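Each remark here refers to the structure printed beneath this line.
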Amino acid sequence: MTSMQKRQALLSEYIQKKGEVRFAEICDLYPDVSSMTIRRDLEKLEQEGSIQRFRGGARSMDILTQLKEATYDLREAERTDSKRRIADKAADFLSESRSIYIDAGTTCVQLAKLVPDENIFVLTPAPYVALELVQNRVNVKVHLIGGQLNRDTLALSGSYSKSYVKNLNIDLAFIGASACSLKNGFSCGDYLEAELKKTIINKAQKVICMMDVSKLNSNMPYTFARPRDVDVLVTDHPLPESYKKMMQRSNTICL
2 MTSMQKRQAL LSEYIQKKGE VRFAEICDLY PDVSSMTIRR DLEKLEQEGS IQRFRGGARS
62 MDILTQLKEA TYDLREAERT DSKRRIADKA ADFLSESRSI YIDAGTTCVQ LAKLVPDENI
122 FVLTPAPYVA LELVQNRVNV KVHLIGGQLN RDTLALSGSY SKSYVKNLNI DLAFIGASAC
182 SLKNGFSCGD YLEAELKKTI INKAQKVICM MDVSKLNSNM PYTFARPRDV DVLVTDHPLP
242 ESYKKMMQRS NTICL
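Counting the sequence shown from 1 gives a position; my numbering is that position plus 1.
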C-alpha cells in the first residue's frame with residue numbers, strides 16, 4: 002500500500018467515525034499535505050462511495066443511511082396509481098423511436114408493460130423490466146446490460162455496463178429519479194447507477210425523466226442530471242411553481 006493509499010484509508014476511517022468533518026479540520030490533521038492533495042483524496046473517496054463531499058467538508062455515507070433507497074419490493078407497493086399515470090403519459094413517446102433505453106425502477110416496469118410488440122430494440126439494466134418485455138412479445142429485441150447487481154434496487158451497473166452502452170446508439174431514454182431538488186437536480190442513492198444514468202443521458206437523442214412529485218424537495222447522495230439534461234419530465238401531478246420555472250429555464254417540457 003502506498004503512502005497515498007494509507008492516508009486515504011485513514012482519512013476514510015476518520016470520517017466514518019466522526020460522521021461529518023470540516024475541511025479545515027482535515028487540513029489540521031495533515032499539516033504536511035497540501036490542501037489540493039487533500040481535496041483530491043476526498044474526491045477519490047467520494048468516487049469510491051465511502052463519503053460524500055459538501056461545501057466546506059465531507060460526511061460519512063453511514064449518516065446518509067436514512068437516504069438509502071427502499072428495496073424493490075417496498076417501492077413496488079407504493080403509489081401504484083401514480084406510477085401507472087406517469088407510464089401512460091410517457092408511453093406516448095414510444096412510437097418515436099426504434100432504439101429505446103428503459104431504466105430500472107418500478108415506474109419503468111409500468112412503462113415496459115405498455116411497449117408494443119413491434120420491431121423495437123430495448124436496452125435495460127433491470128432484469129425485471131427485461132422479463133416483462135419478453136412476455137407475450139416476439140418482435141421486441143431485449144438487451145439486458147451486464148454488471149454488478151444492486152440487491153436493493155435489483156439494477157445492474159458498473160464499469161462493464163458503461164463500456165457496453167458507449168458502443169450503442171440510443172434514440173430515446175426513459176430515466177427514473179429517486180429524488181429531485183432545486184439545488185441538486187435529479188439524484189439517486191447508488192454511485193454506480195448514477196454513473197450509468199449519466200452515460201445513457203449523454204448517448205440518448207432524447208431523455209425523458211419519469212418521477213412522482215412526492216420525490217421533490219429531497220436529495221439522494223448522487224446527482225446524475227440537471228434539468229438542462231432532460232428533454233421531458235413526466236410526473237403524476239403538476240409541479241410546484243418554483244420547479245416549473247426551473248424546468249422552463251432549461252427548456253424542459255413538463256407533462
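Virtual Cβ for every residue (Gly too), placed ideally from N, Cα, C. These numbers were taken from a predicted model, which means no experiment stands behind them.
Quiz item: By how many angstroms is the C-alpha of residue 187 removed from the C-alpha of residue 18?
Solution: By one-based count along the sequence shown, residue 18 stands at place 17. By one-based count along the sequence shown, residue 187 stands at place 186. Taking the straight line joining both Cα atoms gives about 29 Å.
Quiz item: Which one of 169, 183, 230 and 238 has the shortest CA to CA distance from residue 215?
Solution: Taking the first residue of the sequence shown as position 1, residue 215 is located at position 214. With distances taken between Cα atoms, residue 215 lies closest to 238.
Quiz prompt | Nearest-angstrom beta carbon gap, residue 222 and residue 9 [assumed within contact, 8 Å] | solution = Sequence index remark: in the sequence shown, residue 9 carries index 8 (1-based). Sequence index remark: in the sequence shown, residue 222 carries index 221 (1-based). That belief does not hold up - the Cβ atoms of residue 9 and residue 222 are roughly 19 Å apart, past 8 Å.
Exercise. Whole angstroms is fine: what's the gap from residue 177's alpha carbon to residue 32's?
Key: Mapped onto the sequence shown, residue 177 falls at position 176. Mapped onto the sequence shown, residue 32 falls at position 31. Those two C-alpha atoms are separated by around 44 Å.
Quiz prompt | Inter-residue Cα distance where the pair is residue 247 and residue 184 | solution = In the sequence shown, counting from the first residue as 1, residue 247 sits at position 246. In the sequence shown, counting from the first residue as 1, residue 184 sits at position 183. Approximately 10 Å between the Cα atoms of the pair.
Exercise. Could you say which of 206, 46, 128 and 193 lies nearest to residue 97 if we only look at CA atoms?
Key: As a first step, residue 97 is located in the sequence shown; it is residue number 96 there, counting from the start. Nearest C-alpha to residue 97 among 206, 46, 128 and 193: 206.
Quiz item: Is it the case that the Cβ atoms of residue 61 and residue 16 are separated by a distance below 7 Å?
Solution: The residue you call residue 61 lines up with position 60 of the sequence shown. The residue you call residue 16 lines up with position 15 of the sequence shown. Yes, Cβ-Cβ distance for residue 61 and residue 16 is below 7 Å.
Quiz prompt | Cut-off 6 Å between Cβ atoms - residues of its own chain near residue 180, not counting five sequence neighbours on either side | solution = Along the sequence shown, read from residue 1 onward, the residue named residue 180 stands at position 179. Answer for residue 180: 188, 216, 219, 220 and 221, listed in chain order.
Quiz prompt | Rounded straight-line distance, which links the Cα of residue 87 to that of residue 235 | solution = Here residue 235 refers to the residue found at position 234 of the sequence shown. Here residue 87 refers to the residue found at position 86 of the sequence shown. Cα to Cα, the separation comes out at about 6 Å.
Quiz prompt | beta strand (DSSP E) segment containing residue 27, residue limits | solution = Here residue 27 is taken as the residue at index 26 of the sequence shown, counted from 1. Element bounds for residue 27: not the beta strand (DSSP E) but the alpha helix (DSSP H), 24–30.
Exercise. Inspect the CB distances between the segment 188–200 and the segment 137–144 and report whether three or more fall short of 8 Å.
Key: Contact fails between the segment 188–200 and the segment 137–144, because fewer than three Cβ pairs, one in each stretch, are under 8 Å apart.
Quiz item: Under 7 Å between the Cβ atoms of residue 193 and residue 159?
Solution: Counting from one through the sequence shown, the residue named residue 193 turns up at place 192. Counting from one through the sequence shown, the residue named residue 159 turns up at place 158. Against a cut-off of 7 Å, the Cβ pair of residue 159 and residue 193 comes out as a contact.
Self-check item: Distance CB(residue 130)-CB(residue 103) smaller than 7 Å
Solution: Position 129 of the sequence shown, counted from the first residue, corresponds to residue 130. Position 102 of the sequence shown, counted from the first residue, corresponds to residue 103. It is a contact, given that the beta carbons lie within the stated cut-off.
Practice problem: Give the secondary structure of residue 248 by DSSP, where H, G and I count as helix, E and B as strand, and everything else as coil. | Solution: As a first step, residue 248 must be located in the sequence shown, where it is residue number 247. Reduced to three states, the DSSP call for residue 248 is helix.
Quiz item: residue 174 to residue 202, Cα distance in whole Å?
Solution: Taking the first residue of the sequence shown as 1, we reach residue 174 at position 173. Taking the first residue of the sequence shown as 1, we reach residue 202 at position 201. Rounded to the nearest whole angstrom, the C-alpha separation of residue 174 and residue 202 is 7 Å.
Quiz prompt | Alpha-carbon to alpha-carbon, residue 190 and residue 56 | solution = If you number the sequence shown from 1, residue 56 lands on position 55. If you number the sequence shown from 1, residue 190 lands on position 189. Taking the straight line from one Cα to the other gives about 19 Å.
Quiz prompt | Nonlocal neighbours in the same chain, by C-beta distance under 7 Å from residue 90, ignoring five residues either side | solution = Residue numbering aside, residue 90 sits at position 89 when the sequence shown is read from its first letter. Only 235 and 256 meet the Cβ criterion.
Self-check item: Length at least 3, wholly inside the segment 113–162: the beta strand (DSSP E) runs in chain order
Solution: Within the segment 113–162, the complete beta strand (DSSP E) segments of 3 residues or longer fall at 122–125 and 142–145, listed in chain order.
Quiz item: Can you name the start and end residues of the beta strand (DSSP E) that residue 42 belongs to?
Solution: Start at 1 with the first residue of the sequence shown, and residue 42 comes out as number 41. It is not in any beta strand (DSSP E) - residue 42 instead sits in the alpha helix (DSSP H) that spans 36–49.
Quiz prompt | Cβ-based neighbour list, residue 156, same chain, cut-off 7 Å, excluding 5 preceding and 5 following | solution = By one-based count along the sequence shown, residue 156 stands at place 155. Cβ neighbours of residue 156 beyond the five flanking positions: 105, 126, 127 and 194.
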